[in-house]
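Start counting at 1 in the sequence shown, then tack on 9, and there's your number in my numbering. To keep things clear, I will list the structure first and then write my remarks on it.
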Amino acid sequence: MTKADVLGALGLVQKYEAVGLALIMARYTKDRESHAVAVRGVMAHCSNVAPKYVGANKTRGHGMALKALAALAVQHFCRTVDTPGAACHPQFCRGRGVIRDLELSRLHGKAIDKICPRCNGTGLRPIPGTQIRRAIEPLLGTLSRGEWEQQWYPLYQAVLAWCHVQESEVEAFYKRVTAA
């Protein structure tokens, strides 16, 4: 595969899966332009699915909260272990995703690892929902616990899941393009 083939494949992927490629580039290259494209794409998706979760967009604050939610979702998606402050706690796996199981290691006489219970094997410190809530609450005014738990947090999780789906679609599309 030549350099021209790779560039052509990336161009084709960018044409058909622009948001997903921008998410991947923002995640692994930390490119600001790709990050901005990803936020715009995620914001468009967030605006499309928001009525299902939080109702119609009625106020300016509601739109600003959707924009902030999209930016937070992209920021959450783009975290890697080398992002400052993103690695799992030093008392746990320190960003590796696995910890030593001391009891089983003593029992079997060899080192046995298990998945970190704090990060579930990702190596990243979990982002609490309260941090996201604090970011969008000033834009919405008062946000009750019920509104947060039944409307806004499920929207955030759906947008974050959509980002992961976009990443896997880009990978599958790139494999199809380069295989042909």
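C-beta atoms are modelled at their ideal positions from N, C-alpha and C, and glycine is treated no differently.
Residue-chain proximity (Asp122, chain D), Cβ-Cβ < 9 angstroms: Here chain D cannot be found, since the structure has a single protein chain.
Val15 classed as buried or exposed, judged by whether at least 16 other C-beta atoms fall within 10 angstroms: exposed
CB contact flag (Cys125, Cys102, <9 angstroms): yes
Beta strand (DSSP E) segments (min. 3 residues) lying fully within the segment 45–125: 107–109, 122–124
Whether His98 touches Arg127 by CB criterion (9 angstroms): yes
Nearest candidate by alpha-carbon position, reference Glu176, set Val51, Gly17, Met10: Val51
Helix, strand or coil at Leu133 according to DSSP, with G and I counted as helix: strand
Span of the alpha helix (DSSP H) around Thr151: It is not in any alpha helix (DSSP H) - Thr151 carries neither H nor E in the DSSP assignment.
9 angstroms Cβ cutoff met for Ala170 and Leu133: no
C-alpha distance - Ser43 paired with Leu111, whole-angstrom precision: 43 angstroms
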